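First the structure, in the form of C-alpha cells, and then the observations on it.
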Amino acid sequence: MKKLFIIANWKSNKNAAEAKMWFESISKLKTQISERKEKTVIICPPFTLLPYTQNNIQQLHLQWYVGAQNISPFKQGAYTGEVNASQVKEFGEYTILGHSERRDNFQEDDDLLIKKVELAVQYGLIPIFCIQGVETPIPKDVILAAYEPVFAIGTGVPDTPENAESVIKAIKKKNPHVKYVLYGGSVTGDNVRSFTGKPLIDGVLVGGASLDPKKFADIVKNS
Ligand code: PGA
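Quick note: the sequence shown uses the working numbering, first residue 36, plus one each step.
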C-alpha cells in the first residue's frame, strides 16, 4: 500500500474556542477514522494554535503530526512579527511553504522561498512546498510538494483527477529529488479517493473542508 499524506491547512481560521470544538468533535469521530500506518495526517493551524494542536493530538492518542503554514526567512533575531523555524520546531514537524495565497498576497518569490526551505531543513522541519504547475521551480531540499492549481483553491471546482495525475507525473519527471507530490484544491470526502486512487498522487492538501471536523474525518476515512 502506498504512503499517503492527508494535510489540513486551516489558513487564517479558528481561535482557541473553535479549535477546542474541532478537537472535541474529532475525539467523538475517532473510531471512524481508521488509523492506518501508511496514512500520515498533518494538521497545520495558525501559529497561535500550534502548542494547543500538539497537546490535543497527544491527549487523543492520535498518530497525527503538526505543521505550520509558513516560517520566517530569517533565524531568530530582530525581525518584528516573524515566527522562525526553530520556534515552529518546538511544536511541529512540518511547514507549508510557498502557498499561492502567500505568493499573491505577500509577494513571496522563488528566491525568498529558497531561503525558507533552507531554514526549515536546517531546523529539522519538512517543507510541504506548494506549486501551481510544472513551471514552478522546486528548491533542491524539497521532498514533499503539493500541486495546487489556483483555479481550484477555495472554488469548489477541483482539477480533474486525470489532469492532476498527468501534471504530477510531469512534476516528478522534472524534479527527481521530489519524492511525494500531493494534490490540493477543493478536495472533499466525496472526491478524495478519485485523487488518492491515482498511482502518482501521494495525498491531498485540504483547505476549506478541513475546518469542519466531520468533513475532515470523511476525507481521512475515504482517502
Ligand atoms: P481548498 O484549499 O481545499 O479550500 O480549495 C486548498 C489549499 O489552499 O490548500
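Virtual Cβ for every residue (Gly too), placed ideally from N, Cα, C.
All values reported here derive from a predicted model rather than from experimental measurement.
Pick from G133, K72, K124 and K110 that is closest to L85, judged by C-alpha positions: Of the candidates G133, K72, K124 and K110, the one whose C-alpha sits nearest the C-alpha of L85 is K124.
Let's see if you can read the secondary structure: which residues bound the alpha helix (DSSP H) around T130? Per DSSP, T130 lies in no alpha helix (DSSP H); the unbroken beta strand (DSSP E) holding it starts and ends at Y129 to L132.
Tell me whether T75 sits in a helix, a strand or coil according to DSSP, three-state version. In the structure shown, T75 sits in a strand (DSSP, three-state: E or B).
Does A181 come out as helix, strand or coil in the three-state DSSP assignment? Strand.
Less than 8 angstroms separating the beta-carbons of Y100 and V118? The answer is no: Cβ separation not under 8 angstroms.
Quick check: the Cα distance between D253 and R228, rounded to an integer number of angstroms? When rounded, the distance between both Cα atoms is 11 angstroms.
Residues in its own chain within less than 7 angstroms of F126 by CB, not counting five upstream and five downstream? Exclusion of the five residues before and after F126 leaves L85, P86, Q89 and V101 as the residues of its chain whose Cβ lies within less than 7 angstroms of its Cβ.
Is it the case that the Cβ atoms of T130 and I163 are separated by a distance below 8 angstroms? Contact: yes.
Under the three-state DSSP convention, the category V239 falls into: Reduced to three states, the DSSP call for V239 is strand.
CB of E59 to nearest heavy atom of the ligand PGA: below 7 angstroms? No, the beta carbon of E59 sits no closer than 7 angstroms to any heavy atom of the ligand PGA.
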